[in-house]
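Residues in the sequence shown are numbered from 2 upward in steps of one, following the working numbering. Here is the structure we will look at.
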Amino acid sequence: MSEKLLHGNLHATIYEVDKLHSGTGNFFGKLLAHVQEAINVGEGLPKIYASIDLERARVGKTRTIENDISNPRWYESFHIYCAHPATNVVFTVKDDNPIGATLIGRAYLPVEDLVEGEEVDRWLEILDEDMKPIKNNGKIHVKLQYFPVTKDRNWDRGIISRKFPGVPYTFYPQRQGCKVFLYQDAHIPDGFVPQIPLAGGKYYEPHRCWEDVFDAITNAKHMIYITGWSVYTEITLVRDSRRPKPGGDITLGELLKQKASEGVRVNMLVWDDRTSVGLLKKDGLMGTHDEDTEKFFQGTEVNCVLCPRNPDDGGSFVQDLQISTMFTHHQKIIVVDAAMPNGDPEKRRIVSFVGGIDLCDGRYDTPFHSLFRTLDTAHHDDFHQPNFGDGSITKGGPREPWHDIHSRLEGPIAWDVLFNFEQRWRRQGGKDVLVQLRDLEDVIIPPSPVTFPDDHETWNVQLFRSIDGGAAFGFPDSPEDATKVGLVSGKDNIIDRSIQDAYINAIRRAKNYIYIENQYFLGSSFNWSHDDIKPEDINALHLIPKELSLKIVSKINAGERFTVYVVLPMWPEGIPESASVQAILDWQKDHGHDV
2 MSEKLLHGNL
12 HATIYEVDKL
22 HSGTGNFFGK
32 LLAHVQEAIN
42 VGEGLPKIYA
52 SIDLERARVG
62 KTRTIENDIS
72 NPRWYESFHI
82 YCAHPATNVV
92 FTVKDDNPIG
102 ATLIGRAYLP
112 VEDLVEGEEV
122 DRWLEILDED
132 MKPIKNNGKI
142 HVKLQYFPVT
152 KDRNWDRGII
162 SRKFPGVPYT
172 FYPQRQGCKV
182 FLYQDAHIPD
192 GFVPQIPLAG
202 GKYYEPHRCW
212 EDVFDAITNA
222 KHMIYITGWS
232 VYTEITLVRD
242 SRRPKPGGDI
252 TLGELLKQKA
262 SEGVRVNMLV
272 WDDRTSVGLL
282 KKDGLMGTHD
292 EDTEKFFQGT
302 EVNCVLCPRN
312 PDDGGSFVQD
322 LQISTMFTHH
332 QKIIVVDAAM
342 PNGDPEKRRI
352 VSFVGGIDLC
362 DGRYDTPFHS
372 LFRTLDTAHH
382 DDFHQPNFGD
392 GSITKGGPRE
402 PWHDIHSRLE
412 GPIAWDVLFN
422 FEQRWRRQGG
432 KDVLVQLRDL
442 EDVIIPPSPV
452 TFPDDHETWN
462 VQLFRSIDGG
472 AAFGFPDSPE
482 DATKVGLVSG
492 KDNIIDRSIQ
502 DAYINAIRRA
512 KNYIYIENQY
522 FLGSSFNWSH
532 DDIKPEDINA
542 LHLIPKELSL
552 KIVSKINAGE
562 RFTVYVVLPM
572 WPEGIPESAS
582 VQAILDWQKD
592 HGHDV
């Protein structure tokens with residue numbers, strides 16, 4: 002059978018396996034399995050799950066079944082974005098165990114049976130590694146239907162109208178009547194931005210991220226919630242001598258302690274770098290200052306929690322170790338209560354900040370990105386250079402420049418950011434010290450539009466994230482309920498992957514160009530080809546590079562001009578000669594053409 006491209010959406014359901022041979026069928030075998038389960042050694046009781054693969058890419062996984070292992074029934078459905086060349090859709094049945102998983106068998110559905118878009122409901126024979134039927138001749142019941150991307154009404158059409166509903170199948174829906182303020186870098190000096198005309202005869206006025214953050218924290222009356230990959234207490238937010246603010250020379254740590262002493266609830270979730278221990282270095286391999294930040298707030302009224310990247314319930318021991326030591330929490334959000342725009346002194350509203358700029362050292366920069374000129378001024382107490390071991394302010398630099406974007410959100414979308422924080426705090430925050438909003442319902446207005454539909458300043462906004470049940474409280478337990486609220490079920494875990502889904506939808510809608518900035522741009526490893534690596538070992542399976550290449554191909558075939566701009570730094574942050582940076586550079590260089 003020939004390989005065919007599946008580019009679109011695949012709706013799949015895994016129902017059940019009719020009869021499955023169990024290796025613990027006798028009394029003593031079952032007794033041994035129960036003992037192993039109780040003392041956590043050996044394989045223990047069988048835990049059967051099934052997965053969906055498009056050749057080398059795993060695209061779906063069921064929960065584990067323990068009670069009826071001879072006839073496991075999942076009845077789980079999957080909405081799968083696909084951009085995969087494949088000969089078969091492969092259904093793999095495995096027995097899970099703490100070390101990894103034991104293969105039971107695989108079933109194959111030819112892709113050519115799906116490409117016409119007809120629904121396929123079929124019992125498939127399960128085969129062993131020698132492509133022979135497994136013991137008891139078990140079969141798996143599945144249903145699939147493929148929807149080509151060209152049949153999507155939004156394909157290649159941008160945003161068709163104001164009625165565009167947002168990205169489908171996501172936890173947070175699109176919100177209307179919002180306001181968004183966009184930030185370029187942490188600060189913009191006066192006079193930097195040329196006059197840019199806007200609708201209604203107005204001109205664009207740039208906003209200044211850290212100055213607005215300083216004002217938001219300073220003026221909060223009830224709550225300040227912060228999450229970060231890194232939060233450093235010794236930075237100052239206001240540094241432009243031409244734009245001084247009263248109290249602007251206070252450090253972030255002292256400002257937060259001051260607000261907490263005034264009765265404002267200050268809760269912080271800071272990623273716990275597991276390498277920041279004495280055997281390595283105090284601030285960890287990533288230099289996040291997490292231990293310093295926790296120590297700074299000990300004994301104060303600020304609730305600062307170091308938040309590890311805990312593995313979910315569905316991984317093996319090896320996977321759990323990899324996640325806890327190699328993966329991070331990367332959300333950078335601030336949620337505060339703020340004054341009403343109309344000046345009503347009796348009411349408050351929720352305002353949120355979200356984006357790519359942490360409240361830590363090395364992040365304050367302007368679009369000038371000076372390497373040397375600011376070492377005696379804005380960066381005198383904030384020299385950051387993790388790329389060269391001998392770089393220092395006493396040697397005259399250079400400092401590492403930093404470019405990123407951020408945003409301030411008002412209206413219903415700001416509440417989604419608040420709910421995200423509450424979910425994370427309830428999962429990993431420990432003490433129940435969240436502000437009880439029902440106690441402030443007479444003060445803080447509920448989620449409501451802040452603009453009229455015909456206002457030039459109105460935004461429709463949708464919140465996306467990448468998180469799982471190990472870090473967010475309140476996800477549904479059952480895969481069926483998870484699917485209803487736009488979540489993805491994995492092996493005994495529920496996942497929100499809406500960031501990838503948003504990328505895919507935006508790329509597929511694009512008409513004229515796509516612009517991407519990212520220091521870690523790699524992915525679609527299922528399509529890589531190289532003699533000295535196994536692409537499946539890289540496990541960078543997201544579809545973004547492949548979707549970009551397919552968009553370009555579609556425009557070439559249509560004879561239409563289209564441009565993809567991908568802007569990368571010379572190397573991602575870190576020592577250029579280090580193994581991790583070299584690996585990323587190698588993958589970016591050698592495998593860009595593979596997609």
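We put the beta carbon where it would ideally sit given N, CA and C, even for glycine.
* By how many angstroms is the C-alpha of Ala339 removed from the C-alpha of Lys547? -> 43 Å
* Taking three-plus beta-carbon pairs below 8 Å as touching, is the segment 395 to 415 in contact with the segment 174 to 182? -> yes
* Contact check, Gly357 vs Ile406, beta carbons under 8 Å -> In this structure, Gly357 places its C-beta atom within 8 Å of the C-beta atom of Ile406.
* Asked: Should Pro480 go down as buried or exposed, given a rule of 16 or more other Cβ atoms within 10 Å for buried?
  -> buried
* Asked: In chain order, what residues of the same chain have a beta carbon less than 6 Å from the beta carbon of Ala102, not counting five sequence neighbours either side?
  -> The beta carbon of Ala102 sits closer than 6 Å to those of Lys95, all from its chain and outside the five residues before and after it, given in chain order.
* With a 10 Å radius around its C-beta and 16 neighbouring C-beta atoms as the bar for buried, classify Lys432 as buried or exposed. => exposed
* Close beta carbons around Val444, own chain, < 6 Å, minus the five adjacent residues each side -> Arg349
* **Val554 (DSSP reduced to helix, strand or coil)** => helix
* To do: Identify which residue in Asp382, Gly229, Val18 has its Cα closest to the Cα of Glu295.
  => Gly229
* To do: From the DSSP output, in three-state form, read off Pro546 for me.
  => helix
* Anyone know if the C-beta pair for Val267 and Lys260 falls short of 8 Å? -> Yes, the pair counts as a contact, with Cβ atoms nearer than the cut-off.
* Using a threshold of 8 Å, state whether the C-beta atoms of Ser499 and Phe465 are closer than that. => yes
* To do: Indicate whether Asp157 and Lys512 have their beta-carbon atoms separated by less than 8 Å.
  => yes
* **Buried versus exposed, by CB contacts within 10 Å (16 or more), Tyr521** => exposed
* If you pair each beta-carbon of the segment 159 to 166 with each one of the segment 380 to 391, do three or more pairs fall below 8 Å? -> no
* Please report the Cβ distance between Glu206 and Val239, rounded to the nearest whole angstrom; I am assuming they are in contact, meaning their Cβ atoms lie under 8 Å. => Distance from Glu206 to Val239 at the Cβ level is roughly 19 Å; contact not present, criterion being Cβ atoms closer than 8 Å.
* Expected contact under 8 Å - CB spacing of Leu376 and Arg400 to nearest Å -> Rounded to whole angstroms, the Cβ separation of Leu376 and Arg400 is 7 Å, and the two are in contact under 8 Å.
* Asked: According to DSSP, is Tyr82 helix, strand or coil?
  -> strand
* **Rounded C-alpha distance that separates Ile105 from Arg57** => Taking C-alpha positions only, Ile105 is separated from Arg57 by approximately 18 Å.
* Asked: Around the C-beta of Leu199, are 16 or more other C-beta atoms found within 10 angstroms, so that it is buried, or is it exposed?
  -> Exposed, since its Cβ has fewer than 16 Cβ neighbours within 10 Å.
* Alpha-carbon to alpha-carbon, Asp291 and Pro573 -> Cα atoms of Pro573 and Asp291: separation of roughly 21 Å, rounded to the nearest angstrom.
* What three-state label does DSSP hand Ala58 in the structure shown? -> The answer is strand: DSSP assigns Ala58 an E or B state.
* **Proximal residues to Thr63 (C-beta, below 6 Å), its chain only, five neighbours per side dropped** => Ile15, Tyr50, Ala51, Trp75, Glu77
* To do: Compute the distance between the beta-carbons of Ile505 and Tyr82, then report whether it is under 8 Å.
  => Yes. Within cutoff.
* Going by Cα to Cα distance, which pick from His543, Val60, Ser530 is closest to Gly524? -> His543
* Could you check what DSSP says for Asn343 in three-state terms: helix, strand or coil? => coil
* To do: Please look up how many angstroms separate the CB atoms of Ile189 and Pro368, rounded, as I've assumed it's under 8 Å.
  => 6 Å
* Own chain residues within Cβ distance below 7 Å of Thr301, not counting five before or after -> The residues are Lys258, Ala261.
* Where Pro480 falls: helix, strand or coil (DSSP) -> helix
* Asked: According to the neighbour-count rule (16 or more other Cβ atoms, all chains shown, within 10 Å of its Cβ), is Arg509 buried or exposed?
  -> buried
* Taking just the CA atoms, how far does Tyr170 sit from Asp153? -> 15 Å
* Going by other Cβ atoms of all chains shown within 10 Å of its Cβ, with 16 needed for buried, is Ser530 buried or exposed? -> An exposed status is given to Ser530, since fewer than 16 other beta-carbon atoms sit within 10 Å of its beta-carbon.
* Per DSSP, which one or two residues make a beta bridge with Tyr109? -> Val91
* In terms of residue numbering, what span does the beta strand (DSSP E) encompassing Trp211 cover? -> It is not in any beta strand (DSSP E) - Trp211 instead sits in the alpha helix (DSSP H) that spans 210 to 220.
* Please classify Ser52: does DSSP put it in a helix, a strand, or coil? => Strand.
* Nearest-angstrom Cα distance between Val194 and Ala472? -> 40 Å
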